[in-house]
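Participant: Per full-length UniProt numbering, residue 1 is the first one in the sequence shown, and the count goes up by one each step.
This is the structure, below, for whatever I ask next.
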Amino acid sequence: MSDYLVIVESPAKAKTIERYLGKKYKVKASVGHVRDLPRSQMGVDVENNYEPKYITIRGKGPVLQDLKNAAKKAKKVYLAADPDREGEAIAWHLATALKVDIDSDCRVVFNEITKDAILESFKHPRAINMDLVDAQQARRILDRLVGYNISPILWKKVKKGLSAGRVQSVALRLIIDRENEINGFIPEEYWTIEGQFEKSKKAFDAFYFGTDKDKVKLTNEDEVKNVLNGIKGKEFEVTNVVKKERKRNPASSFTTSSLQQEAARKLNFRARKTMMLAQQLYEGIDLGKKEGTVGLITYMRTDSTRISETAKTEAHEYIKNEFGAEYISTKVAEKQSKKSQDAHEAVRPTSLLRTPDELKVILSRDQLRLYKLIWERFVASQMSPATLDTVAVDLKNGIAIFRANGSQVKFPGFMKVYVESSDDQTEDKDKLLPVLEVGDIVDSLLIEPKQHFTQPPPRYSEARLVKTLEEVGIGRPSTYAPTLDTIQKRGYVALETKRFVPTELGTIVHQLVLEFFPQILDVEFTAQMERDLDSIEDGQVEWVKVIDGFYQDFEKRVTYADAEMEKIIIKDEPTGEDCEKCGSPMVYKLGRYGKFMACSNFPDCRNTKAIIKEIGVPCTTCGEGQIVERKSKTKRLFYGCDQYPTCEFVSWDKPINRTCPKCNEMLVEKKLKKGIQIQCVACDYKENPQS
Numbered sequence: 001m002s003d004y005l006v007i008v009e010s011p012a013k014a015k016t017i018e019r020y021l022g023k024k025y026k027v028k029a030s031v032g033h034v035r036d037l038p039r040s041q042m043g044v045d046v047e048n049n050y051e052p053k054y055i056t057i058r059g060k061g062p063v064l065q066d067l068k069n070a071a072k073k074a075k076k077v078y079l080a081a082d083p084d085r086e087g088e089a090i091a092w093h094l095a096t097a098l099k100v101d102i103d104s105d106c107r108v109v110f111n112e113i114t115k116d117a118i119l120e121s122f123k124h125p126r127a128i129n130m131d132l133v134d135a136q137q138a139r140r141i142l143d144r145l146v147g148y149n150i151s152p153i154l155w156k157k158v159k160k161g162l163s164a165g166r167v168q169s170v171a172l173r174l175i176i177d178r179e180n181e182i183n184g185f186i187p188e189e190y191w192t193i194e195g196q197f198e199k200s201k202k203a204f205d206a207f208y209f210g211t212d213k214d215k216v217k218l219t220n221e222d223e224v225k226n227v228l229n230g231i232k233g234k235e236f237e238v239t240n241v242v243k244k245e246r247k248r249n250p251a252s253s254f255t256t257s258s259l260q261q262e263a264a265r266k267l268n269f270r271a272r273k274t275m276m277l278a279q280q281l282y283e284g285i286d287l288g289k290k291e292g293t294v295g296l297i298t299y300m301r302t303d304s305t306r307i308s309e310t311a312k313t314e315a316h317e318y319i320k321n322e323f324g325a326e327y328i329s330t331k332v333a334e335k336q337s338k339k340s341q342d343a344h345e346a347v348r349p350t351s352l353l354r355t356p357d358e359l360k361v362i363l364s365r366d367q368l369r370l371y372k373l374i375w376e377r378f379v380a381s382q383m384s385p386a387t388l389d390t391v392a393v394d395l396k397n398g399i400a401i402f403r404a405n406g407s408q409v410k411f412p413g414f415m416k417v418y419v420e421s422s423d424d425q426t427e428d429k430d431k432l433l434p435v436l437e438v439g440d441i442v443d444s445l446l447i448e449p450k451q452h453f454t455q456p457p458p459r460y461s462e463a464r465l466v467k468t469l470e471e472v473g474i475g476r477p478s479t480y481a482p483t484l485d486t487i488q489k490r491g492y493v494a495l496e497t498k499r500f501v502p503t504e505l506g507t508i509v510h511q512l513v514l515e516f517f518p519q520i521l522d523v524e525f526t527a528q529m530e531r532d533l534d535s536i537e538d539g540q541v542e543w544v545k546v547i548d549g550f551y552q553d554f555e556k557r558v559t560y561a562d563a564e565m566e567k568i569i570i571k572d573e574p575t576g577e578d579c580e581k582c583g584s585p586m587v588y589k590l591g592r593y594g595k596f597m598a599c600s601n602f603p604d605c606r607n608t609k610a611i612i613k614e615i616g617v618p619c620t621t622c623g624e625g626q627i628v629e630r631k632s633k634t635k636r637l638f639y640g641c642d643q644y645p646t647c648e649f650v651s652w653d654k655p656i657n658r659t660c661p662k663c664n665e666m667l668v669e670k671k672l673k674k675g676i677q678i679q680c681v682a683c684d685y686k687e688n689p690q691s
């Protein structure tokens, strides 16, 4: 019999922790929550101070019974669920089910699964923090009241299977508001004049700036012609040279949000995939006989950028040995955001000595890529700023001023290891200018005007939406990925070229919720609710008061919506085609993933077809079909022949309506970082990339 029973959430880390603690400890896993609100009913007694009705989760009976049996045999039970609100709630549920005194020193928390961290945490057990439990319980009850009151109305008035959650509704609103901005956007014309100049046989670029009095914005072709007519000859005089030294600071270590954003930009990972891989790295990877299973990163659900002094010391020692003392950061501790709970550290490696190179043969490809990102970001965050020499040069001809900008990395600092986001990587590449002094004469090789039109704001990518939700104070680290998952699973949005587009169904649901439950969609109201939940955690307000303050008005709106919301009938639109199986007319149906074609004779005939979009390009492989857009099982867009399976032509790259001059096969658009390149599908023919 073991003297002590330790209960963690995940089986993956149970064996590791048991090995660290020794023979007197038995470590078992609850496999997440063991109790929750029932799925078949509200489970909240609104007449009795919103008392929740918790039941054992279906399928968890044997797990809970096993834990009860083990608890009876142990001298003491330690509850070691994750170090956040949800983990505290899981510990409380376990304590209640196992009859463990919540005021005893039964709760153990740790930020990383390493031997030193585990042993240290067991030296400082504490009582269960009921403020944390109440904050999580309030969130759960609040979301249940919203979802289980609005969703049945949507089922009755629109269609079955719909839902309207507190955070997901705001996320959907952001996507729809952005789509409305795009649809209502009116492009404005503007022009630039680009010049190529030469000094001492070295060419460099400059752009029209204005006159020596003002910066000038060119809005039409006539204004451009006036500028060009004022330029006489090819000689320009250098009238101003400004040299500056600029420092660039490294980005902080990752929070949950910034990790999801950067993994999306650099690794092309979805938020859900990022969190899945981070969970694996946190819970532990088997490193072989020498170390066994070890957690490689700290806890991945955090909104703090704080770093422990021990980790800083290790980082500074590593940086000194690898790069030199001048590369060590001298900045003081970062000030945390007001929105940050600062419950635990930033996401970082548990040891810098486990370098990505050493783990190549152990980690999977995607695990290694994410670990490398976290490792490099942490190292860079503890390094000195980069120093750049910048120069701005004004070139004058008549009254026209052209400006050339150059920069050169004088001291790389943190940039030797890592630069935040792919967009920023091109910003500080050396762009050298020839040595220029005031009074020098340079020759223009080319003066070229270019017409442009302002572009609408881009649709939200996963990374951008997560960042926006964080900026406006909606949701918490643990909610971002599930929220994005939910709005896609419900069919409210679709991903097109990695950007969120609202579906017809999503727009209908949004309009109904906006009309009858405007508070649910109000960004500031939802952000205030998050702040109220934080106040519960801080012990400043009782959770029942927060729930009651919301529910009193919400209940009236539910009653009004149930009575007044009109039933929406989504009519089937004829396609103009007949079903090839039974001859009945085919109609457009609205499903979870948007519109599709189905037989109007349903349920007698269950024939369905995807809506095929032609792109106006004939198939050169078979000479009979047309190229159409298709989607893979993962919803990735690709192109194929409409004669499939007779013709098996497929391409991830979009075909264009002209053929290769070398072999007469199909040309496609290949997307590169520097632009779009036209290339042949059959031979080595390529055209220069176009921006």
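For glycine and all other residues, C-beta sits at the position ideal for the given N, C-alpha and C.
1. How long is the line joining the alpha carbons of Glu86 and Val133, rounded to whole angstroms?
2. With Trp375 as the anchor, note down where its alpha helix (DSSP H) starts and where it stops.
3. Would you kindly work out how many angstroms separate the C-alpha atoms of Ile627 and Phe500, rounded to a whole number?
4. Which parts of the stretch 113 to 199 are runs of the alpha helix (DSSP H), unbroken and 4 residues or longer, counting only runs that do not cross its ends?
5. Just grab the DSSP bridge partners of Asp642 for me.
6. Between Leu505, Thr479, Phe516 and Ala481, which lies nearest to Gly491 when the distance is taken from Cα to Cα?
7. Could you say which of Asp36, Lys75, Lys72 and Gly623 lies nearest to Lys60 if we only look at CA atoms?
8. Which same chain residues, not among the five before or five after Met383, have their C-beta less than 8 Å away from its C-beta?
9. Let me know the secondary structure DSSP gives Leu98 once reduced to three states.
10. On the DSSP letters alone, give me the boundaries of the beta strand (DSSP E) that Tyr418 sits inside.
11. Indicate the three-state DSSP secondary structure (helix, strand or coil) for residue 692 in the structure shown.
12. Could you check the C-alpha separation between Lys567 and Lys159 for me, to the nearest Å?
13. Between the Cα of Tyr299 and the Cα atoms of Leu259, Glu291 and Ala263, which residue gives the shortest distance?
14. Exposed or buried, Asp45, counting other C-beta atoms within 10 Å across all chains shown (16 or more means buried)?
15. How should Val361 be labelled, buried or exposed, when 16 other C-beta atoms within 10 angstroms of its C-beta is the threshold for buried?
16. Using DSSP with H/G/I as helix, E/B as strand and the rest coil, what is Cys272?
17. Can you tell me the Cα-Cα spacing of Leu368 and Lys431, whole angstroms?
18. Could you name the residues of the same chain whose beta carbon sits closer than 7 Å to that of Ala514, not counting the 5 residues immediately before and after it, in chain order?
19. Tell whether a beta-carbon distance below 8 Å holds between Ala80 and Ile7.
20. Name the DSSP bridge partner or partners of Phe209?
21. Which value, in whole angstroms, describes the spacing of the CA atoms of Asn49 and Asp366?
22. Spell out whether any CB of chain D is found under 8 Å from the CB atom of Leu37.
23. Alpha carbon to alpha carbon, how far is Met275 from Glu147? Give it in angstroms, no decimals.
24. Could you check if Lys372 is buried or exposed, using at least 16 other CB atoms within 10 Å of its CB as the buried criterion?
25. In chain order, which beta strand (DSSP E) runs of at least 3 residues are fully inside the stretch 481 to 509?
26. Count Cβ pairs between the stretch 107 to 119 and the stretch 25 to 43 that sit closer than 8 Å; are there 3 or more?
27. Please check the pair Tyr480 and Ala271, which I expect to be a contact at CB under 8 Å, by giving their CB distance rounded to whole angstroms.
28. Who pairs with Asp103 in a beta bridge, going by DSSP?
29. Going by alpha carbons, who is nearest to Asp66 out of Pro83, Leu94 and Gly43?
30. Suppose the cutoff is 8 Å on Cβ atoms and the five residues either side in sequence are ignored; what does the same chain contact list for Trp155 look like?
31. Tell me the rounded alpha-carbon separation between Ala97 and Asp532.
32. Take the Cβ of Cys683 as the centre, count every other Cβ of all protein chains shown within 10 Å, and call the residue buried at 16 or more, exposed below.
33. Measuring CB atoms only, is the stretch 460 to 476 touching the stretch 235 to 248, in the sense that at least three cross pairs come out at less than 8 Å?
34. With DSSP collapsed to three states, give me the class of Ile627.
35. Applying the 10 Å Cβ sphere with the 16-neighbour rule, what's the burial state of Arg301?
36. In whole angstroms, what separates the C-alpha of Glu496 from that of Leu637?
Facilitator: Taking the definition as stated:
1. 8 Å
2. Arg365 to Ser381
3. 25 Å
4. 115 to 121, 130 to 157 and 166 to 183
5. DSSP output for Asp642 lists no bridge partner at all.
6. Leu505
7. Asp36
8. Pro250, Ile319, Phe323, Tyr327, Ile328, Ser329, Gly413, Phe414, Lys416 and Val417
9. helix
10. Unbroken run through Tyr418: none, as it is neither H nor E.
11. This structure leaves residue 692 out entirely; the chain is present only between 1 and 691.
12. 9 Å
13. Leu259
14. exposed
15. exposed
16. One point to set straight first is that residue 272 is Arg, not Cys, in the sequence displayed. DSSP places Arg272 in helix when its eight states are reduced to three.
17. 33 Å
18. The amino acid at residue 514 is misidentified as Ala; the sequence shows Leu. Around Leu514: Leu521.
19. yes
20. Phe209 is not bridged to any residue.
21. 47 Å
22. Considering every chain present, this structure includes no chain D. It has just one protein chain.
23. It is Gly, not Glu, that sits at residue 147 in the sequence shown. Spanning the two alpha carbons is a distance of roughly 25 Å.
24. buried
25. 493 to 496 and 499 to 502
26. no
27. 6 Å
28. Note: Asp103 sits in no beta bridge, so no partner.
29. Leu94
30. Gly161 and Leu162
31. 29 Å
32. exposed
33. no
34. strand
35. buried
36. 8 Å
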